[in-house]
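Report on one structure; see the data block that follows.
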Amino acid sequence: MSNLVHPDAEMYLAVLSHLPDAIVVVNRQGQTLFCNEQAKKLFHDRLEGLWLADSTLPYQILDSHRRPLGAAELPLQRVVAGHDLHDEELILASTQAPQLLWLSVSGGPCSFGPAGAMIAVRDISARKRGETNLLQQALHDELTRLPNRSLFLERVSQALDQSKEHQGENQGLPMAILFIDLDRFKVVNDNLGHQVGNQLLAQLGDRLRSCIRPEDIAARLGGDEFAILLQNIGSPDSPVNAMAVAETVAGRQLPRPFHLPPHDIYI
């Protein structure tokens, strides 16, 4: 698909056709003058989704917060209107694949021949997955897979801010923090070795997760120190309160033996 006019058009078209990025060139009315194979593949041969918000298309373009874009926000609409895009991150949600694709979009108006604007679209999904993995590792304890001290303190700060925001409405949002210290963990490490101790901590992480709601957070602060943040909890008579969770952890989960063959360990 090419209606570009230029003395060296064939050379430029050959270069554009072999780029790893998806390239789309349109006229001032948004009609496609050129697209390379990457663009056809990425957008399922339906480039109109870069210009029109059409629910019948096999994909939808979202912003970085996963909000569907309106027609005026779509990349081709914006560059034809005279806006420059510089590595703008968008999401491609395909009806034919469950996985979302992260895109980096650059482009702007152009004035060679009949061309009105162009965009270059790069699939950055692998990079975004890598960033997510690095962030996960930075904020979670590798052994227990629980949030670490940094993430826990961040969540506590957020919970305090939310409680202050609602203070005038309902005397704030009640919250509680439970601290857990394993008194006999050093004995386990000294007598059975660090490998067994690590296995015990991993099992403890699973048990703590089972005691809380999705909106709460259990964290490993370091060593044998853990904590639980309970958010928006009820009154002492409510089924969701700090004492009920504390009794579940201290009265049911911790007294149970940790089965680490050939040992049953009590802490």
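Sequence positions in the sequence shown follow the numbering used here and run 688 to 954. A virtual CB, placed ideally from N, CA and C, is assigned to each residue, including glycine.
By the DSSP assignment, the alpha helix (DSSP H) with Val932 in it spans what residues? Counted as a single uninterrupted DSSP element, the alpha helix (DSSP H) harbouring Val932 occupies residues Ala929 to Thr935.
Note to self: Suppose only complete runs of 3+ residues qualify. What are the beta strand (DSSP E) ranges in the segment 700 to 742, listed by chain order?
What the structure shows: Counting only runs of 3 or more, we get 709 to 713 and 719 to 722.
CA nearest to the CA of Asp828, picked from Gln783, Arg907 and Gly880 = Answer by Cα proximity: Arg907.
Notebook entry, point to check: Taking the alpha-carbon positions, what's the Thr831 to Gly909 distance?
Noted result: If you take the alpha carbons of Thr831 and Gly909, they lie about 11 Å apart.
Bridge partners for Gln747 per DSSP, in chain order? Gln747 pairs with Ala780.
>> Which residues does DSSP list as the beta-bridge partners of Met862?
In response: Met862 pairs with Gln918.
| Where His752 falls: helix, strand or coil (DSSP) | In the structure shown, His752 sits in coil (DSSP, three-state: anything other than H, G, I, E or B).
message = Given this structure, state the Cα-to-Cα distance separating Met862 from Leu821, to the nearest angstrom.
response = When only Cα atoms are considered, Met862 and Leu821 end up about 30 Å apart.
field: Cβ contact (3+ pairs, closer than 8 Å) linking the segment 792 to 812 and the segment 841 to 852
entry: The answer is no - the segment 841 to 852 does not touch the segment 792 to 812, with fewer than three Cβ pairs under 8 Å.
### Message
Please report the straight-line C-alpha distance between Asp741 and Leu787, rounded to a whole angstrom.
### Response
Distance from the CA of Asp741 to the CA of Leu787, rounded to the nearest whole angstrom, comes to 18 Å.
**Q.** Beta-carbon contacts of Pro944 that lie in its chain and below 7 Å, excluding the five residues immediately before and after
**A.** Cβ contact annotation for Pro944 (same chain, cutoff 7 Å, sequence separation greater than five): Asp951, Ile952 and Tyr953, in chain order.
> When the Cα atoms are used, what is the spatial distance from Val875 to Gly884?
Replying inline: Straight-line measurement puts the Cα of Gly884 at about 6 Å from the Cα of Val875.
Secondary structure of Leu822, DSSP reduced to three states
Residue state, collapsed to three classes: helix.
Mind checking who Met805 pairs with in its DSSP beta bridge? In the DSSP output, where bridge partners are listed per residue, Met805 has Val712 and Gly795.
### Where the beta strand (DSSP E) containing Leu947 begins and where it ends
Phe945 to Leu947 is the extent of the beta strand (DSSP E) around Leu947.
If I follow the unbroken alpha helix (DSSP H) through Asp650, where does it start and stop? Residue 650 falls outside the range modelled here, since the chain spans only 688 to 954, and no answer is possible.
Open item on the list: Just checking: is the beta-carbon of Trp738 within a distance shorter than 8 Å of some beta-carbon in chain C?
Closed with: The structure shown contains no chain C, having only a single protein chain.
I need the boundaries of the alpha helix (DSSP H) containing Ala846, first residue and last residue.
First-last of the alpha helix (DSSP H) with Ala846: Arg836 to Glu852.
Starting from the N-terminal side, write out each stretch of the beta strand (DSSP E) that is 3 residues or longer and does not extend beyond the segment 881 to 909. Counting whole runs of 3 or more residues, the segment 881 to 909 contains the beta strand (DSSP E) stretches 904 to 909.
### Query
Out of curiosity, what's the CA-to-CA distance linking Asp774 and Tyr699?
Looking at the backbone, the Cα of Asp774 and that of Tyr699 are separated by about 22 Å.
How big is the Cα-Cα spacing for Glu912 and Ser781? Computed Cα separation, rounded: 44 Å.
Using only the alpha-carbon positions, how far apart do Asp708 and Asp868 sit? A direct Cα-Cα distance of roughly 53 Å separates Asp708 from Asp868.
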